[in-house]
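Taken in sequence, the protein lines are chains A and B. Quick note on the numbering used here: the first sequence kicks off at 1 and runs consecutively. Quick note on the numbering used here: the second sequence kicks off at 1001 and runs consecutively. Beta carbons: idealized from backbone N, C-alpha and C, even for Gly. Computed from a predicted model, the values in this text were never measured in an experiment.
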Amino acid sequence: MDLIDKQDNFEVIRDQIAAILVTETANQMALATAAGRDPTLWDLRVYLERSAPFEQFLNDPETDSGVPIVNIWVDGSQYNKSASNVMARQKSETVYNIDCYGLGVSADNPAGGHIPGDEQASYETQRATRLVRNILMAAENTYLQARGLVWLRWFNSTEFFQPQIDGRTVQNVKGARAAFQVDFNEFSPQGDETNILELLTTAISRAEDGQIILNADYQYPL
Amino acid sequence: MGLRDQITQDTKTILEDTETGFGWDISITDPDGNTGALKGYSNDIAQVVDPDTGTAITGRAASVALHFESLSDVGLSLPEGIADKSEKPWIITFNDIVGQSYIFKVSESQPDRAMGVVVCLLGAYKA
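The following block contains the structure:
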């Protein structure tokens, strides 16, 4: 077997999901600007496999840009035997968790009253999940721009988390998890095929009594 | 003086002793814009306890503890969390140990009417 020096497709798909989100949010921001809208409402901060990307919300929530944070990580894979073969190709059904975090900071409302941060955090989180779902389920991303590799992409569920009242913190941060399933092919090393077969020469003849005789000359053991 | 009165007086001393204790200058503004300067106990740390597991997790928890009498002395009532968006919240301002000022709103208040102390849990606020 040769040196395994490549990414598996679950890694390729993981990176592809992030690339699609980053590219399309940039495109959305450009469209918003052209339409005279606030482009920051279409912005996302996209991370891969981070444990605490929301750290930047923690210490100075008043000065953070407030752009929602999206963190993509691989949750797990199952391999479908009935759609695979034991030699070269296995069908993987992988779930990627796309975690969305929204920050809300209470603020004075010059028109009267105040803007509650907990409500804002919910709206920011929901806005992030809205953008993620629309981008990844768009027709152009039916195969995540990897047709031939991807069989199917589908959001299994989206779960929103409410903060614990007992652990009330300075920052209002809400979260949501979108479980995104992608079915695709994984391929396995096939080894050096040049030494698998040895050429055999055979001669088939018929004896005088009609019996079929096979003559072959080869070295055994191989 | 009964024990409860004694407790109340001792609590006030503990909270507001800036010379030998943990007393700290705190500014408080009510929803009507009335401001008072008083002393109390302030807290602002970057660690909270997850109520489900009991383990320390990343977060930021800030609070102040104020005495009923001190609030009354500056003409203010008990602070409370204001959910109504049409009203201004209670605003608390105090410095950290190096003099950096922080503005918070009161998210939740927890008065102890036996000891005469109110603990205010704070949230970030942009004035």
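The alpha helix (DSSP H) enclosing residue i, as first and last residue numbers
{"i": "Gln-190 (chain A)", "result": "Premise fails: Gln-190 (chain A) is in no alpha helix (DSSP H) and is neither H nor E."}
{"i": "Phe-54 (chain A)", "result": "First-last for Phe-54 (chain A): undefined, no H or E at that position."}
{"i": "Thr-1018 (chain B)", "result": "Here Thr-1018 (chain B) belongs to no alpha helix (DSSP H), and DSSP marks it neither H nor E."}
Minimum Cβ-Cβ distance from residue i to chain A less than 9 Å
{"i": "Thr-1058 (chain B)", "result": "yes"}
{"i": "Phe-1104 (chain B)", "result": "yes"}
{"i": "Ile-1082 (chain B)", "result": "yes"}
{"i": "Tyr-1041 (chain B)", "result": "no"}
{"i": "Gly-1099 (chain B)", "result": "no"}
{"i": "Ser-1107 (chain B)", "result": "yes"}
{"i": "Pro-1079 (chain B)", "result": "no"}
{"i": "Pro-1089 (chain B)", "result": "yes"}
{"i": "Gly-1033 (chain B)", "result": "no"}
Outcome for residue i when other beta-carbon atoms lying within 10 angstroms are tallied against a minimum of 16
{"i": "Asp-1030 (chain B)", "result": "buried"}
{"i": "Pro-189 (chain A)", "result": "exposed"}
{"i": "Lys-174 (chain A)", "result": "buried"}
{"i": "Thr-125 (chain A)", "result": "buried"}
{"i": "Gln-28 (chain A)", "result": "buried"}
{"i": "Pro-68 (chain A)", "result": "buried"}
{"i": "Arg-1113 (chain B)", "result": "exposed"}
{"i": "Ser-1070 (chain B)", "result": "buried"}
{"i": "Pro-61 (chain A)", "result": "buried"}
{"i": "Asp-99 (chain A)", "result": "buried"}
{"i": "Gly-1023 (chain B)", "result": "buried"}
{"i": "Ala-207 (chain A)", "result": "exposed"}
{"i": "Val-1098 (chain B)", "result": "exposed"}
Contacts around residue i, its chain only, beta-carbon distance under 8 Å, and the 5 residues preceding and following it disregarded
{"i": "Val-150 (chain A)", "result": "Ile-13, Tyr-143, Leu-144, Val-182, Asp-183 and Phe-184"}
{"i": "Asp-1084 (chain B)", "result": "none"}
{"i": "Thr-1011 (chain B)", "result": "His-1067, Met-1115, Gly-1116 and Val-1117"}
{"i": "Gln-16 (chain A)", "result": "Leu-144, Gln-145 and Ala-146"}
{"i": "Tyr-123 (chain A)", "result": "Gly-102 and Gly-104"}
Extent of the continuous beta strand (DSSP E) to which residue i belongs
{"i": "Arg-14 (chain A)", "result": "Looking at the DSSP string, Arg-14 (chain A) is not in any beta strand (DSSP E); the run it does join, the alpha helix (DSSP H), is 9-34."}
{"i": "Glu-1108 (chain B)", "result": "1101-1112"}
{"i": "Ile-204 (chain A)", "result": "202-206"}
{"i": "Leu-44 (chain A)", "result": "Careful: Leu-44 (chain A) lies outside any beta strand (DSSP E) and carries neither H nor E."}
{"i": "Val-255 (chain A)", "result": "Because chain A spans 1 through 222 in this model, residue 255 (chain A) falls outside it and cannot be assessed."}
{"i": "Ser-77 (chain A)", "result": "69-80"}
Cβ of residue i within 9 Å of any chain B Cβ
{"i": "Ile-99 (chain A)", "result": "The sequence given here has Asp at residue 99 (chain A), not Ile. Not an interface residue."}
{"i": "Gly-112 (chain A)", "result": "yes"}
{"i": "Gln-171 (chain A)", "result": "yes"}
{"i": "Glu-119 (chain A)", "result": "yes"}
{"i": "Asp-108 (chain A)", "result": "yes"}
{"i": "Arg-168 (chain A)", "result": "yes"}
{"i": "Pro-116 (chain A)", "result": "yes"}
{"i": "Leu-58 (chain A)", "result": "yes"}
{"i": "Glu-62 (chain A)", "result": "yes"}
Cβ shell of residue i (< 6 Å), same chain only, five flanking positions each side left out
{"i": "Trp-73 (chain A)", "result": "Glu-49 and Asn-97"}
{"i": "Ala-83 (chain A)", "result": "Lys-91"}
{"i": "Ala-1046 (chain B)", "result": "Arg-1060"}
{"i": "Asn-215 (chain A)", "result": "Ala-203"}
Nonlocal neighbours in the same chain, by C-beta distance under 7 Å from residue i, ignoring five residues either side
{"i": "Asp-108 (chain A)", "result": "His-114"}
Residue i: CB within 8 Å of a non-hydrogen atom of the ligand ATP
{"i": "Ser-106 (chain A)", "result": "Absence of the ligand ATP from the depicted structure is noted, as is the absence of any ligand whatsoever, leaving it without description."}
Runs of alpha helix (DSSP H) wholly within the stretch 94-150 of chain A (minimum 4 residues, chain order):
117-136
Report the start-end ranges of each alpha helix (DSSP H) in the stretch 1055-1106 of chain B that is 4 residues or longer and not cut off at the edges.
1068-1073
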